[in-house]
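Student:
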Amino acid sequence: MGALECVLQRDRPDRDSCYSDAAQTDFTLLIHGGAGEELLLKPVVLGVIEFALEAALAVGSQVLQRGGAGVDAAQRSVEAMENCFLFNAGKGSASIVDGRSARSGSVACVERVRNPVRAARSVLDKLFPHALTARAAPRRAPGNAKRPNNNHPQTVGAVALDGRRGLALTGRVGDTAVVGAGVFADDSLAVSCSGDGDVFLRRSVAQRIASLYHHRGYSLRRACREVMAENLEGVCAGVIAVDRNGDAVIETNAAVMFVGSMIDGVARGHFRIFDIGPHFLVIQSVVDVWRYFFLNSCSSYIGV
1 MGALECVLQR DRPDRDSCYS DAAQTDFTLL IHGGAGEELL LKPVVLGVIE FALEAALAVG
61 SQVLQRGGAG VDAAQRSVEA MENCFLFNAG KGSASIVDGR SARSGSVACV ERVRNPVRAA
121 RSVLDKLFPH ALTARAAPRR APGNAKRPNN NHPQTVGAVA LDGRRGLALT GRVGDTAVVG
181 AGVFADDSLA VSCSGDGDVF LRRSVAQRIA SLYHHRGYSL RRACREVMAE NLEGVCAGVI
241 AVDRNGDAVI ETNAAVMFVG SMIDGVARGH FRIFDIGPHF LVIQSVVDVW RYFFLNSCSS
301 YIGV
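Position 213 (the sequence shown) corresponds to 213 in UniProt numbering; numbering is contiguous.
Structural data, given as structure tokens:
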């Protein structure tokens, strides 16, 4: 069943899963559509955004339900959000880290690549240099057509836990593609940040979270919250993260952060709406994340 069909069936009473009985459902895919902006949104617009999140979840989860790798699933979801104008995702840079092999691929300063995340994956898979910039990057991404519009900085991201206990993480980090800044993954955890990318770069936010987790024995949630409090006070920021124990975390201090999840084949995307004045509605997404399966000691990150 295609992504659109899966989403269209979301209101069916028997919709426990949009997959066949033989499909794997012991996986989780968590995505975010960016953090930070105050938006004037009507309920119908919220419905469209939720629909788009579920579509992005569906294309990634189809990879997982067939037994595919989390890194492939996360890439597919990020590509879907790159192609959707609703998320206004920046097009300038991308990074991929495979926690199992400790290899990475990055592209930066690209302007005419439709999906930078695909270009970064090509660097990871085919090249010895781990980073390319400007003109070199598009040539390494066959099939990436020119797409000059929607070239605004913003962030999207995805976290995936596949049925083989593999962890994958994808995300946009403005126009930076630096592992350890807004993105991090190893064989124990994966972190994706959204918000002020320059601050993430200066303060190595994702790496700080990993350091607290590894070296001080903090829980993933405590590590994320401490870094948010000590390093991101007054800065628009959001974090999604998953560790090998199956703990998943969503933390944000932003007025807006769109989040959705696919757990055991069931999509969830919930929005709270707060009226803060006569002109703006602030939306904070929350996600039902209590069951996560983390299988291999493998972690992958894709950041754009």
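Where is the CB? At the ideal position from N, CA and C, for every residue including glycine.
1. With 16 as the cutoff for other CB atoms within 10 Å, does residue 44 come out buried or exposed?
2. Identify the residues that DSSP records as bridge partners of residue 251: which are they?
3. From 83, 63, 34, 199, pick the residue whose C-alpha is nearest to that of residue 257; which is it?
4. So, is residue 101 buried or exposed, given that buried needs 16 or more other C-beta atoms within 10 angstroms?
5. In this structure, does DSSP put residue 121 in helix, strand or coil?
6. Mapping DSSP to helix, strand and coil, what is residue 300?
7. Does the region 51-66 touch the region 109-124, meaning 3 or more C-beta pairs lie closer than 8 Å?
8. According to DSSP, residue 194 sits in a beta bridge with which residue or residues?
9. Just to confirm, are residue 259 and residue 32 a CB contact at a threshold of 8 Å?
10. Taking the beta strand (DSSP E) that residue 103 falls in, what are its first and last residues?
11. Please state the DSSP three-state secondary structure of residue 46.
12. What three-state label does DSSP hand residue 27 in the structure shown?
13. Which residues mark the beginning and the end of the beta strand (DSSP E) in which residue 97 is found?
14. Please report the straight-line C-alpha distance between residue 117 and residue 219, rounded to a whole angstrom.
15. Taking the alpha-carbon positions, what's the residue 78 to residue 158 distance?
16. Are the beta-carbon atoms of residue 227 and residue 202 separated by less than 8 Å?
17. I think residue 261 touches residue 29, with their Cβ atoms under 8 Å apart; what is that distance to the nearest whole Å?
18. Counting C-beta neighbours from all protein chains within 10 Å, is the total for residue 72 16 or more, i.e. buried, or is it exposed?
19. Among 181, 95, 113, whose alpha-carbon lies nearest the alpha-carbon of residue 130?
20. Measuring only the C-alpha atoms, how far is residue 252 from residue 238?
21. By how many angstroms is the C-alpha of residue 84 removed from the C-alpha of residue 47?
22. Can you list, in chain order, the residues of its chain whose CB lies under 6 Å from that of residue 199, leaving out five sequence neighbours each side?
23. Would you report the Cα separation of residue 217 and residue 224, rounded to the nearest angstrom?
24. Can you name the start and end residues of the beta strand (DSSP E) that residue 185 belongs to?
25. Compare the beta carbon distance of residue 189 and residue 103 with 8 Å and say whether it is the shorter of the two.
26. What three-state label does DSSP hand residue 189 in the structure shown?
27. My guess is that residue 254 and residue 195 are in contact by the Cβ rule of under 8 Å, so how many angstroms apart are they, rounded?
Tutor: The relevant details are as follows:
1. exposed
2. For residue 251, which the question treats as bridged, DSSP gives the partners 239.
3. 34
4. With fewer than 16 Cβ atoms within 10 Å of its Cβ, residue 101 is classed as exposed.
5. helix
6. Confidence in residue 300 is poor, its pLDDT being 37 and thus under 50, which makes the residue's placement unreliable; the coordinate value appears in the next sentence. The three-state secondary structure of residue 300, taken from DSSP, is strand.
7. no
8. Secondary-structure assignment with DSSP links residue 194 through a beta bridge to 238.
9. Result yes, Cβ atoms of residue 259 and residue 32 sit closer than 8 Å.
10. 103-108
11. helix
12. coil
13. 94-98
14. 30 Å
15. Rounded to the nearest whole angstrom, the C-alpha separation of residue 78 and residue 158 is 7 Å.
16. No, the Cβ-Cβ distance between residue 227 and residue 202 is not below 8 Å.
17. 7 Å
18. buried
19. Nearest in C-alpha terms to residue 130, of all of 181, 95, 113, is 95.
20. When the Cα atoms are used, residue 252 and residue 238 turn out to be separated by approximately 4 Å.
21. Roughly 15 Å separates the two Cα atoms.
22. 235
23. 13 Å
24. 183-185
25. The answer is no: Cβ separation not under 8 Å.
26. strand
27. 6 Å
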